[in-house]
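Structure, as structure tokens:
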Amino acid sequence: MNIFVLVLVPAAFILLVWSVLKDRDKTKKSLEVAKGMFLKIGGEIFGLLLLVALFFAVVPQGAIESLLGGANVFLSSIYGALMGTVLILPKFVAMPLAADLIAEGAHIVVAAGFITTLTMVGFVTAPVEIEHFGKKYTLVRNVLSFIFALMVALGMMLIL
Amino acid sequence: MRLKDYLKENRILAIALIIYLAVLIVDRNIFLQSLNTAWIYIEEMLQVLPPVLIFTGMLEVWIPRGTIMNTFGSKSGISGKLASFSLGTISAGPIYAGFPVTQTLLRKGASVANMTVLLSTWAVAKIPILLVEIQFLGVSFALARWSLTIPAILAIGYLTGKIVDREEIISEIGEIEEIVQKMLDRLPGHNCGACGYENCKECAEGIAEGEAEPDVCKPGGREVEREIKKLMEEQKTNIKS
Chain V
71 MNIFVLVLVP
81 AAFILLVWSV
91 LKDRDKTKKS
101 LEVAKGMFLK
111 IGGEIFGLLL
121 LVALFFAVVP
131 QGAIESLLGG
141 ANVFLSSIYG
151 ALMGTVLILP
161 KFVAMPLAAD
171 LIAEGAHIVV
181 AAGFITTLTM
191 VGFVTAPVEI
201 EHFGKKYTLV
211 RNVLSFIFAL
221 MVALGMMLIL
Chain S
108 MRLKDYLKEN
118 RILAIALIIY
128 LAVLIVDRNI
138 FLQSLNTAWI
148 YIEEMLQVLP
158 PVLIFTGMLE
168 VWIPRGTIMN
178 TFGSKSGISG
188 KLASFSLGTI
198 SAGPIYAGFP
208 VTQTLLRKGA
218 SVANMTVLLS
228 TWAVAKIPIL
238 LVEIQFLGVS
248 FALARWSLTI
258 PAILAIGYLT
268 GKIVDREEII
278 SEIGEIEEIV
288 QKMLDRLPGH
298 NCGACGYENC
308 KECAEGIAEG
318 EAEPDVCKPG
328 GREVEREIKK
338 LMEEQKTNIK
348 S
């Protein structure tokens, strides 16, 4: 459990107590809003997480490393960014993976592109994003994020 | 029966459950291994989502539209960008945890550009990520990536705001919101409470949801009743077409 969750949960609790003391009806309404959102988003997310987990169980160990650690920096960068787009990974899985990639000889651009697209571009979360913001917004934001993620990755090559 | 309805509405979950069932029959090892990995993700989701959604619910009932417009609206300028970035950077959890909060802010008057900055920061530039990134990839890697990512986030926000219109999103995500706003515009706005609701906004929501009759507003009288009935007719034809 990370420290931000340790802060987040008590903070939500304190806010809830404050709200109850101030206005019970409003608090009830806010909890109904929260519950509605949880039911709406929870099921979809739960399903997505199950599918991604299955993907990792089926794909052989080391397949990702061998694909991203190739000698052709350009190709591996594209692979890295695409893979980051499709997958969702918790940061404490993604960061060590990126570190392993660099240690095994993958280019820094590949690792940076992988991390940036992984977190910012969401192919898997797109259905949930569409539900919240509509198709057009989801498409525009993800395409722009993908392009800029590649630019960030290339920029890293110039800086480092 | 209710479970069936829930699965119908959450197709992805239904598909996932069916595939898991198939995997269980075909290969028990892969099933268990997947379940193990899935649990890591689900644990994170269960830790982060409930508190974040409680915050969102509070935001919905306690923070007035005007405050959100001033802080995150299209006229909020640089301070709006800064506010969006700050909120995103102290957040926790994957990008999907940010969707409900961001949507609530957007409905209450935040600009598309600022909300895109919030979402992107939430995804890629939050402090928990920085800490783990430094730990595994080193300070210089993290600093270089962040110093490039922050301008990129601002650019993505700016461009998305230019391409996608706020009204477009609002009307695509919820018919009801738009109609509530239109009804609210036609109600007298005294917040007198004669209809039984606390204020005109709740009254408009009540009418839109079919909970109250179109003639519920006493001060509005015949005039308002007619306007609201007209709106409801328009709404019906819109849904059909």
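From first to last, the protein sequence lines are chains V and S.
Letter by letter, the first sequence follows residues 71 to 230 of my numbering.
Letter by letter, the second sequence follows residues 108 to 348 of my numbering.
Here a beta-carbon is modelled for each residue, glycine too, at the ideal position from N, C-alpha and C.
All figures in this text were calculated on a predicted structure; none of them were measured in a lab.
Straight-line measurement puts the Cα of D112(S) at about 41 Å from the Cα of L237(S). Counting C-beta pairs with one atom in each stretch, the segment 179-188 of chain S and the segment 114-129 of chain V have fewer than three that are closer than 8 Å, which means they do not touch. Nearest neighbour of K336(S) by Cα position, chosen from A315(S), K325(S) and P326(S), turns out to be A315(S). It is roughly 29 Å from the alpha-carbon of A319(S) to the alpha-carbon of R273(S).
L266(S) reaches chain V at L214, counting residues in chain order whose Cβ is nearer than 7 Å. Interface with chain S (7 Å Cβ-Cβ cutoff): M153(V) is excluded. Shortest Cα-Cα distance from V156(V) to any of G225(V), K92(V) and N212(V) involves N212(V). Taking all protein chains in view, the Cβ of N142(V) is surrounded by fewer than 16 other Cβ atoms within 10 Å, so the residue is classified as exposed.
Secondary structure at H297(S): coil, using DSSP grouped into helix, strand and coil. Of all residues in the segment 89-103 of chain V, only S89, K96, K99, S100, L101 and V103 place a beta-carbon less than 7 Å from a beta-carbon of chain S.
Residue burial is scored here from C-beta neighbours: P130(V) has fewer than 16 other C-beta atoms within 10 angstroms and is therefore classed as exposed. Taking 8 Å as the upper bound for CB-CB distance, S146(V) and A176(V) are in contact here, some 6 Å apart. Taking 7 Å as the CB threshold, T195(V) lines the interface with chain S.
V198(V) and Y203(S) do touch by the CB rule: their CB atoms are close to 5 Å apart, below 8 Å. Between the beta-carbon of S247(S) and that of L230(V) there is about 7 Å, and that keeps the pair under the 8 Å contact cut. When the five nearest sequence neighbours on each side are left out, the beta carbons in the same chain lying within less than 7 Å of the beta carbon of V271(S) are those of V219, in order along the chain. Counting only Cβ-Cβ distances below 8 Å, V155(S) has contacts in chain V at V75 and L78, in chain order. Within the segment 303-320 of chain S, no residue has its Cβ closer than 7 Å to any Cβ of chain V. Here the C-alpha atom of V180(V) lies approximately 10 Å from the C-alpha atom of G140(V).
The C-beta distance from N117(S) to G117(V) rounds to 6 Å, short enough to meet the 8 Å contact threshold. Among the CB atoms of chain V, none fall inside 7 Å of the CB of E274(S). Closer than 8 Å at the C-beta level to chain S, one finds these residues of the segment 111-132 of chain V: I111, G112, G113, E114, I115, F116, G117, L118, L119, L120, L121, V122, A123, L124, F126, A127 and V128. In this structure, the beta-carbon distance from A232(S) to F218(V) does not fall below 7 Å. Per DSSP, the unbroken alpha helix (DSSP H) holding T256(S) starts and ends at V246 to I270. For G225(V), the enclosing alpha helix (DSSP H) begins and ends at K205 to I229. Shown here, L118(V) sits in a helix according to DSSP, grouped into three states. Per DSSP, the unbroken alpha helix (DSSP H) holding I185(V) starts and ends at I178 to M190. Take K325(S), set aside five residues on each side of it, and the residues of its chain with a beta-carbon closer than 6 Å to its own are A301, in chain order. When V75(V), S100(V), F184(V) and A81(V) are compared, the shortest CA-CA separation from L171(V) is found for F184(V). Taking all protein chains shown into account, I125(S) has fewer than 16 neighbouring C-beta atoms within 10 Å of its C-beta and is therefore exposed. Annotated as distal: I119(S) and E102(V), with beta-carbon spacing of 7 Å or more.
For the set W229(S), C299(S) and I286(S), the Cα lying nearest the Cα of E312(S) is the one of I286(S). Interface residue (Cβ-Cβ distance to chain V less than 7 Å): F179(S) is not classified as such.
Listed along chain S, no residue sits closer than 9 Å to H177(V) by beta-carbon distance, the nearest being about 12 Å off. A distance below 7 Å separates the beta carbons of A127(V) and I137(S). Of F193(V), T187(V), L76(V) and P160(V), the smallest CA-CA separation from P157(S) is found for L76(V).
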